[in-house]
Each structure stands twice: as structure tokens, then as C-alpha cells.
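K.L.:
One structure is given below, represented as C-alpha cells, and several questions about it will come after.
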Amino acid sequence: MKPIFIALASVLCVSSVWAEDSEQLKNTLSQNTVRGSRESRPSAEIFQSTGGINGLIVQPNKTTPLAQNLSQVAQSAAPLPGAAEKETVSEAPDKDEEKIKGKDKVNEKDKDKPAPDNQKETVFKEMVVTGEVERDSHYTSPSTRVTRTQIERQNAQTTEEVLKYQPSLQIRQRYVGDPNGVLGIRGADMFSTARNMVYADGLPIHNFLQATFNGAPRWSMVGPNEIDAVDIVYGPFSAEYSGNSIGGVVNIRTRMPRKQEFYVETSLFIQPYKLYGPDKGTFIGDRQYVSYGNRFQDKLSVFLAYNRLEAQSHPQSYFIDNTGLGQTPAFTAPQPPSGTPIPPLTDVTGGIRTPDTRGTPSIIYGDTGPEKVNTQLFKGKLGYDITSELQAIFTVAYEDRTRNQNHPRNYLQNTSGQTFFGGPQNGSQPLILPNAALDGTSFDVLNRGFGFSSDKRETLNLGLQLRGALTENWHIDTTISNFDVLKDTRATAFYNPSDPNGNPTGQIQDFKKFSWLNYDLKLSTPAVLGNQKLSFLSGYHYDQYNLSFRQYSLTDYATLTRGPLQANRNNDGQTSTHAMFAQSAYRFSPGWDVTVGARQEWWAASKGVVGSTVVPDRTESALSPKVSLGYEPGPWKLRYSFGRAHRFPVIAELYQSLSTPTQVLTANALLKPENGVHHNFMIEYGLPKGYVRVNVFRDDIKDAIQQVLTASGIQTQASFQNIDKTSTTGVELIFDQRRILNSKFDFMFNGTWMNAKVDEGPLVNFTAPNHTPPPAGQLGPDSFNLTGKQRIRLPHWRANFFTTYNATEAWDISFSGRYTSDSFNDLDNKDFVNNVFGAQSDFFFMDFKTSYRFKLQNGLKSRVSFGITNLNNDKAFVFHPYPQRTYLVEAAFSY
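In my numbering, the protein residues as written are 511 to 1405.
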């Protein structure tokens, strides 16, 4: 369980200039408008959330002294008229939309009054909006926000999809409900999962136990309809966060009810799909969400929610022989060991010729078939106001998730019309020998690829928060949370039941212990010793991650009958971190502020076991200083931020060596922590209901942790290594404006150019798929020096746009697009063929959604929506194929 203090909101002070303009700002307050970005000067963040995770909640039905203070501070912090609104997309439908904001500025009796005629459209625009969510407090870091309105306008069936239009960000969602939805921000590629942090109401859902595709955040612990707003904070420029914020931090804020409410939503999505030959199909999914909330006696808040998702994916992987094709009857692929008999070749039909990503002529002979996922999330939150300024919230979430892949497809038939699965294999290791012939070309069919697989996972997440004002000037935000996987098993069959040379054996991976404990305590004051120009924040952090992994043989996949323990695959480990941090902001001149902070961390890795080998315990410590200088003349904002960050290895990188029929991954208990120096310079200009911003950023990291592939082909081999020096240089442009030229259009665009490379790297002993591994201790013909290579899975260009036409007060139409240039998947940068299976290809996805809202009897409100994702049906790959054109129908009801 994990505590977090709400006080970060208080890291800033009110300047004398704002005091001189108080009369003008009072007029602004009277008009119920709030202008200014979340990156405004430190005093603009007083009383807002520490860490952007969950800020102080002041109940809107009370006019308490603190609530009045909050309202006045929020208004007084706003720049002069004409400064920018910072929500990334519009929060309300037209010029009067700001009047629905300010939950801390009105009391309950005012809320119950009927809205004036010019506000009637708000009953359509937000059926479940809580009110204005606290601005993100990280003014030292560039950040963007996704609002509830933006979410409703997207085709977002899962929480990770909410982020897909944000700057310098990419999520590898292979299909709706993908359990491996890894996140990449700026120079942190999608497989560098420990370089990004994700919080939901202060509870961490990032997974710092595993790495690469297994290390995706546990997005499914949050239903997309729970969300009020999401803040994306870029870079490690706040002392509140560890070095795991190298890429950025995602802070999800979910709703708490202010009165009795019911909400129901259901959706259906359909994807016709065709890529390679027989893989054609139509894949269907559906989702249901139900929630109930209420507030009792102006003290106790209750929120209950249920989210169910059932989805069927298109094929995720294809069976391919890219080891080098031969001409029958000669065999020109890698030679078998001396004395090994070459099996007879079987003439087949149905194979599909294609180059692989390195240009090697290859044959695809099957696919893994659809994956079917079913997720059920039960969520409960209980909030209690200890005082009018101090609130405790208890959260419990239980998830039940299954995944099955039991319909792999074999494209090959022999001359008798029977399915050809390949010949018998020699032992547990695949033997690269040709056993099939397609139109005079010999190739190898690996029958161990056609087996079934299934996962079962049950997870419990508990959290307790205390946040608010302790005294008039001191604020607290503390959270304790415990994430515990009650059950997590992953079973794989080695052979297809229809294979005449197969058997029912397989293996099962059992994560017997998989848990983390987090605690945060933050205290802050907006005025040190009454000095309104000086604010202060300090805190303590503790985390502990535990993993115990076992792998067993399966004697019968159908009944999941376990055989002996594979003791050489045991993985155990624990990591823990203690940290203390402090940060202070000083307004030393009108328009100027400087913030200085530091974070000291003590990290330990213990109880490590790799196979049957006990790994010695380790300890490390590091100090990470932070500095930020800001200047805000009129509508302009300029800010330079510097941060040093140390990212410690996670358990999977240290201890988790894994083996499957197609992959061997070796951990490295001697990995050094990543050591980074990071810079960001921001220029922003405020527009009416919008802003234009440019960020220039630079990251230099020593000892970057990378999964290094040493052999590819029928069976890949990889290990975790430190890369001596890497760098990332980038430029980011954001334009965001509502009601452009007083029209009915809202428009957002962002684009990023980035160059990520290895400045100094080791020699990599690599074996390409079409070559034989060299003898032990010798370099193979494909070995290369990593220095000067582009870093993998990091494109040079990213761009997104999102436009909405507010046709009427009840009807809106949104059109959007996402572009990413291609990148390398292989460390030696020799995968030059794009748009084939295995590539990190470029893509341009266009999306469409239209929604109509209307009121029914007795106050019941409704929304119906129709959307199309990947409208242009772009066929692209993120190694695996991305979804093709998908149709969505959605209906929601609220009361």
C-alpha cells in the first residue's frame, strides 16, 4: 500500500506583480474563466497535487476558508488575459464552456440551480465529469493533458488508448485488450519499460518487475470511463520522481462522485482483416462498463465500477523460415552437424514468399491465429473527509484476466491434400534442416511453432491515501499501495493436436510471487516562514518489488497436468529503494523564478536466484540534482530545466533468464545503473483558448540497459547488457486551440523530430538468421560494433492531429491522424525492408468518431457514437502487424 502527500500543489508563491493585478484578476474570477497553463509560474500551482498524481480535493459543495483560498489562488495565479488554456484538447463545447469548471468555486446549492439557457449544452457534453481536475504541479517539466471530453471523442476502449495522440509518445497496442501494451516516451523506446512511470490516483501501475514486452504497465487496472484527466509529464526534471522518469510520467486521475450517479456504457468493435493468404478473418470484441457513485452526509463518498472487455485479435505472429532457402535437391542453408542425416523433402503448396526485414528470401507457412482475451475489473473507492480540507481515500481493485491462443493456422498441404506440420524434431532444440519443398525451393517447417497457449491472471491492488491541508500553510499527500498477483500462469503446448509427429507435452510458467509495495510521503508549503516568494516541498519514498518464478514441464497441455520442475529456470529476486528529496522554488523578480531540488536514493537487490545459482546481494546509492529557471513576460513562457537521473535495474534484467522453444533470454546480475543528464528548453506563446509550444530536449545516458540480441532465426538468443553512451536530441512542436477563429472547430497538432543513437558501444557477437553460430569463444561473420548505430524502435518523426467540429450543442464530429516514421528493430541497423512481418514500419492511421447526446425522461442522459479506427486501412507493423480498419459502435447512459 502506498502513501502520497497532496501538498506538492504548494510548491510556489504569489508574486508582487500578481498582487498588483489582483483587481483585474478578480474581474476574471467573476466571469468564471480560468486562463493559463499548467506550466505557469510556481505560485500557480499552490494547493495542487504533489506529483501530479492526486491533488487536494476540496468538496465543491462547501465554501470553506480553504476552498475560498484555493479559488483565489487559482485565479490570482493565472496570467493576464490572453494566456493559454493548457488542456490538450477542448474541455467544453463553446465560448461558455468554462462556466462548467471551478468545482472549488461554487457551493452545492448553486449546483442544484437550473443552468441558464446559454449553458444547456453542458448536459450533453459531459455525462460523468467531476469538474475541473487540479492542474499538474510539475511546472519544471513540460506536460500535456487529456481531458474527459477528449477521451469521449476518441475511439478509446482501453486506458492506454487515451494517450495515443499525445506528443513524443507511442504505445505498442497490437490489438484492443493487448496485455503487452508497452509505452515509449521521447528517448525511451517501447521496450525500455522501466524508463516510464504510470500512476492511477497515486497508485503505481507501472511494472518494474519485468522488462521489454512483458513489462507493460497494468493498464487494465483502470477502466477508461473512470478517468477524469490524464497528465503526461516529460523527463526527469522533478525531484519527486526517481530515475524511472527518464522518458516521462503518466498520471491518471479518476473520478469521485459528488452526488448520486449511475453510468452504463457498452460498445462493439469489428475488424475485417487480411494480410498474408489464409489469415483472412473478421475479429469481434465488445466491452461493458457500469458504475455507481454517491456522497453521504457531505462526508462519505462511495464509487463502485465494473469493466468487462472481451476481444479477439487478428494473428499476432507468422511462422517464417528466414534462415536461407535452398534449391532442391541441393541444400544451401546452414549445414547440419557432421553425420546428421538430412530428412527427405515433402512437396507442399500454400507457402507465401516474402523477404524478411534484412532482405533474406523467406517463406511464411502459417500464423498463430487469433488471441482471445477476457478481462473483468472490479473497482471500489471509499473517500472520507476527516476535515473540510483533509480527505482519506481507500481503493481496492480486483482483476480477472484470461488469454487463449488455440487456433494457429498452417498454410501448407502436401500432394495428398493433408496439412504438413514438418518432420520430427531432434530433442528440445530446433534443428535447422530443410524438410519441405515449394516450387523447387527447400525450406524448414518447425512443427513446434503450431502449439496452443493460454494465460490466467488474477490481481489485487489496494491503496490508501491521505491528502489535504494539515495547517493553513502545510499540506500533506501520502499514499501506501500494495499490488499483488494472486495467480499468474502461462502455459504453452509444444505441438499442435493435429500433428501426427507431435505429442501433448509443453511447459508452464508460474509467477508464484509477483508483487510490489510503494509508499510516498510529501509535505509542502507555499510560503516558507510566511515568505510568499519562497515555497518548499520535501518527501520520502520507499518501494519493494518481489518476484519468484518457476517453470514446469507439462505432460498434457489439455489438462494442464504438470510434470517436473525445470530447476535450471528458477528465478527469484527482490529490489528495494529508499529515497529522500527536497525541492524549493523562489520568485526572485517579477516574471522570474528558479527551482532547485535533489533526490538521494539508496537501492538494494537481494535474494537473487538464477537457475540454481544464488546471486550475491548488491547495494547502490545515487544523488540526482534538479534545476529549473523560468521567465514569463506577458503571454510568453520560457523555461530551461536540467535534471540528472539514475535508473536502477529491475528484477527481470537482473535475474529472470527465460527459455521457450523459440527464445532464450539471459539476465545479468552485474548490470550497472543508468546514469543520465537531461535538458529541456521550452518556449510557449499563449493564444485565446490555446497555445503554441516548442520544446528542445537532449538526453545523454551512460550505461544504458539494453536487451542485446546475439542470435536470430529459428531460435533467438538475447541478454541484457550496459551500453556505454547513448544520446537523444529532439525538437517538439505543439499547437492547441479551441474554437479557431471563433468557428466551431477545435484543433490540436503535435510533431516531434528526434535522433537517438549510440555514441559509444561494445562489440556485439551476433549471428544472423541465415548463418550458423560460430564455435564458442569466436566471433561470427555478423558481429558488429554498436558505436554510431541508431537506437532501435525510436523513429525520427512522429506527428498527430486531432480536430473536432462541434456541429450543434449535442452533436460533434472528430477526425484525427497519427504518423510515425519507420525505425530499426535490429541493433546492427541492417533491417532495411519496411512493411513486412518483423519490421518497425512507418504508419499513418486516420481515425473518425461522431457522437450525439440527448436527454431522456426523468433526467436520464444518453450518448450514441460511431467510429472507425485506421480509416484508411494502413497495413503496418510494430514487429507484429497493427490492427487494420476497425468499426466501433458505442452507447452510454447516465443519471
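Positions of the beta carbon are idealized from the N, C-alpha and C atoms, including for glycine.
I need the DSSP call for D789, collapsed to helix, strand or coil.
P.N.:
Position 279 of the sequence shown holds residue 789. Three-state DSSP puts D789 in a helix.
K.L.:
At the level of alpha carbons, what is the spacing between T560 and N1178?
P.N.:
Within the sequence shown, the letter at position 50 stands for residue 560. Within the sequence shown, the letter at position 668 stands for residue 1178. With a pLDDT of only 34 at T560, under 50, the local geometry of the prediction cannot be trusted, and the value read off the model is given with reservation. When rounded, the distance between both Cα atoms is 35 Å.
K.L.:
Below 8 Å CB to CB, which residues in the same chain sit around N690 once its five sequence neighbours on both sides are set aside?
P.N.:
Residue numbering aside, residue 690 sits at position 180 when the sequence shown is read from its first letter. Cβ neighbours of N690 beyond the five flanking positions: R682, R684, F723, N724 and A726.
K.L.:
Using alpha carbons as the reference points, say which of N1316, N717 and A721 lies closest to M731.
P.N.:
Translated into the one-based positions of the sequence shown, residue 731 becomes position 221. Comparing Cα positions, the closest option is N717.
K.L.:
Do you know how far the Cα of M766 is from the Cα of R797?
P.N.:
Along the sequence shown, read from residue 1 onward, the residue named residue 797 stands at position 287. Along the sequence shown, read from residue 1 onward, the residue named residue 766 stands at position 256. About 22 Å.
K.L.:
Thinking C-alpha only, which one of P918, R1208 and G978 is nearest I896?
P.N.:
Numbered from its first residue, the sequence shown carries residue 896 at position 386. Nearest C-alpha to I896: G978.
K.L.:
Buried or exposed, going by whether 16 or more other CB atoms sit within 10 Å of the CB of A1115?
P.N.:
Translated into positions along the sequence shown, residue 1115 becomes position 605. Flag for A1115 reads buried.
K.L.:
If I'm right that I1018 touches R1072 with Cβ under 8 Å, what's the distance once you round it to whole angstroms?
P.N.:
In the sequence shown, counting from the first residue as 1, residue 1018 sits at position 508. In the sequence shown, counting from the first residue as 1, residue 1072 sits at position 562. Going by Cβ atoms, the distance from I1018 to R1072 rounds to 6 Å, so yes, they are a contact pair.
K.L.:
Do the CB positions of Q1054 and L1027 come within less than 7 Å of each other?
P.N.:
Position 544 of the sequence shown, counted from the start, is the residue given in the question as residue 1054. Position 517 of the sequence shown, counted from the start, is the residue given in the question as residue 1027. Yes, Cβ-Cβ distance for Q1054 and L1027 is below 7 Å.
K.L.:
Helix, strand or coil: which one does DSSP assign to M731?
P.N.:
By 1-based counting over the sequence shown, the position of residue 731 is 221. Reduced to three states, the DSSP call for M731 is helix.
K.L.:
Please state if the CB of G694 and the CB of L819 are separated by a distance shorter than 7 Å.
P.N.:
Reading the sequence shown from its first residue, position 309 is the one you call residue 819. Reading the sequence shown from its first residue, position 184 is the one you call residue 694. Not closer than 7 Å, so no.
K.L.:
What is the rounded straight-line gap between the Cα of T1105 and the Cα of G959?
P.N.:
Position 595 of the sequence shown, counted from the first residue, corresponds to residue 1105. Position 449 of the sequence shown, counted from the first residue, corresponds to residue 959. The straight-line gap from Cα to Cα measures roughly 56 Å.
K.L.:
When the Cβ atoms of the region 698-715 are set against those of the region 1141-1148, are three or more pairs found closer than 8 Å?
P.N.:
No: the two stretches stay apart, fewer than three of their Cβ pairs being nearer than 8 Å.
K.L.:
Here's the rule: buried if 16 or more other CB atoms are within 10 angstroms of the residue's CB, otherwise exposed. What is N1252?
P.N.:
Sequence index remark: in the sequence shown, residue 1252 carries index 742 (1-based). With fewer than 16 other Cβ atoms within 10 Å, it is exposed.
K.L.:
Pull the bridge partners of K966 from the DSSP assignment, please.
P.N.:
Residue 966 sits at position 456 when you count from the first residue of the sequence shown. Paired residues: T912 and T999.
K.L.:
Cα separation between I873 and N832?
P.N.:
By 1-based counting over the sequence shown, the position of residue 873 is 363. By 1-based counting over the sequence shown, the position of residue 832 is 322. Whole-angstrom Cα-Cα distance: 7 Å.
K.L.:
Cβ of D965 within 7 Å of Cβ of R919?
P.N.:
Looking up residue 965 in the sequence shown gives position 455. Looking up residue 919 in the sequence shown gives position 409. Contact flag unset, no.
K.L.:
Excluding five sequence neighbours on each side, which residues of the same chain lie with their C-beta closer than 6 Å to the C-beta of N884?
P.N.:
Taking the sequence shown and counting its residues from 1, one reaches residue 884 at position 374. If we look at N884 and ignore the five residues flanking it on each side, its Cβ neighbours are E820 and T912.
K.L.:
Below 8 Å on the Cβ atoms is my guess for D1322 versus Y1329; work out the distance and round it to an integer in Å.
P.N.:
As a first step, residue 1322 is located in the sequence shown; it is residue number 812 there, counting from the start. As a first step, residue 1329 is located in the sequence shown; it is residue number 819 there, counting from the start. That belief does not hold up - the Cβ atoms of D1322 and Y1329 are roughly 23 Å apart, past 8 Å.
K.L.:
DSSP three-state label for I756, please.
P.N.:
Residue 756 sits at position 246 when you count from the first residue of the sequence shown. I756: coil per DSSP, three-state reduction.
K.L.:
In angstroms with no decimal places, state the Cα-to-Cα distance between V1343 and D789.
P.N.:
Taking the first residue of the sequence shown as position 1, residue 1343 is located at position 833. Taking the first residue of the sequence shown as position 1, residue 789 is located at position 279. The alpha-carbon atoms of V1343 and D789 are separated by roughly 22 Å.
K.L.:
Is it the case that the Cβ atoms of P880 and Q822 are separated by a distance below 7 Å?
P.N.:
Here residue 880 is taken as the residue at index 370 of the sequence shown, counted from 1. Here residue 822 is taken as the residue at index 312 of the sequence shown, counted from 1. The answer is yes: Cβ separation under 7 Å.
K.L.:
Between the C-alpha atoms of F515 and P1159, what's the straight-line distance to the nearest angstrom?
P.N.:
The residue given as residue 515 occupies position 5 in the sequence shown. The residue given as residue 1159 occupies position 649 in the sequence shown. Because F515 carries a pLDDT of 32, less than 50, the predicted location of this residue cannot be relied on, and the following value inherits that uncertainty. Spanning the two alpha carbons is a distance of roughly 27 Å.
K.L.:
Below 7 Å CB to CB, which residues in the same chain sit around Y1195 once its five sequence neighbours on both sides are set aside?
P.N.:
Here residue 1195 is taken as the residue at index 685 of the sequence shown, counted from 1. Once the five neighbours on either side are set aside, the close Cβ partners of Y1195 are P1145, W1146, Y1201 and V1202.
K.L.:
How many whole angstroms separate the CB atoms of I1233 and V1187, which I take to be in contact at a CB cut-off of 8 Å?
P.N.:
On the sequence shown, residue 1233 is found 723 positions in, with the first residue counted as 1. On the sequence shown, residue 1187 is found 677 positions in, with the first residue counted as 1. The pair is not a contact, with the Cβ atoms about 15 Å apart (cut-off 8 Å).
K.L.:
For the structure I just gave you, are there three or more beta carbon pairs, one from the region 1272-1281 and one from the region 1333-1340, closer than 8 Å?
P.N.:
Short answer: they touch.
K.L.:
May I have a chain-ordered list of the beta strand (DSSP E) segments no shorter than 3 residues that lie completely inside the region 1026-1098?
P.N.:
With a minimum length of 3 residues, the continuous beta strand (DSSP E) runs that stay inside the region 1026-1098 are 1044-1066 and 1071-1075.
K.L.:
Go through its chain and collect everything with a Cβ distance to N1260's Cβ below 6 Å, but skip five positions before and after it.
P.N.:
Residue mapping note: residue 1260 aligns to position 750 of the sequence shown, counting from 1. Same-chain partners within the cutoff: P677, I1244 and N1310.
K.L.:
Evaluate L1180 with the Cβ neighbour count: other Cβ atoms within 10 Å of its Cβ, from every protein chain shown; 16 or more gives buried, anything less gives exposed.
P.N.:
Counted from its first residue, the sequence shown places residue 1180 at position 670. Exposed, by the Cβ-count rule.
K.L.:
Counting beta carbon pairs with one atom in the region 730-748 and one in the region 1058-1076, are three or more of them shorter than 8 Å?
P.N.:
At 8 Å Cβ cutoff, the stretches do not touch.
K.L.:
In chain order, what residues of the same chain lie with their CB nearer than 7 Å to the CB of P825, ignoring the 5 residues before and after it?
P.N.:
The sequence position of residue 825 within the sequence shown is 315, counting from 1. Excluding sequence neighbours, P825 sits near D789, D877, T878, G879 and P880.
K.L.:
So, is Q770 buried or exposed, given that buried needs 16 or more other C-beta atoms within 10 angstroms?
P.N.:
Here residue 770 refers to the residue found at position 260 when the sequence shown is read from its first residue. Result: exposed.
K.L.:
Can you tell me whether DSSP reads A704 as helix, strand or coil?
P.N.:
Residue numbering aside, residue 704 sits at position 194 when the sequence shown is read from its first letter. A704: helix per DSSP, three-state reduction.
K.L.:
Do you know how far the Cα of W1113 is from the Cα of A1317?
P.N.:
Along the sequence shown, one-based indexing puts residue 1317 at 807. Along the sequence shown, one-based indexing puts residue 1113 at 603. Approximately 55 Å, taken between the alpha carbons.
K.L.:
Threshold first: 3 residues or longer. Then list the beta strand (DSSP E) segments lying entirely within the region 1346-1372, N to C.
P.N.:
You should have 1353-1365.
K.L.:
In the structure shown, what three-state DSSP assignment does V672 receive?
P.N.:
Residue numbering aside, residue 672 sits at position 162 when the sequence shown is read from its first letter. Residue state, collapsed to three classes: helix.
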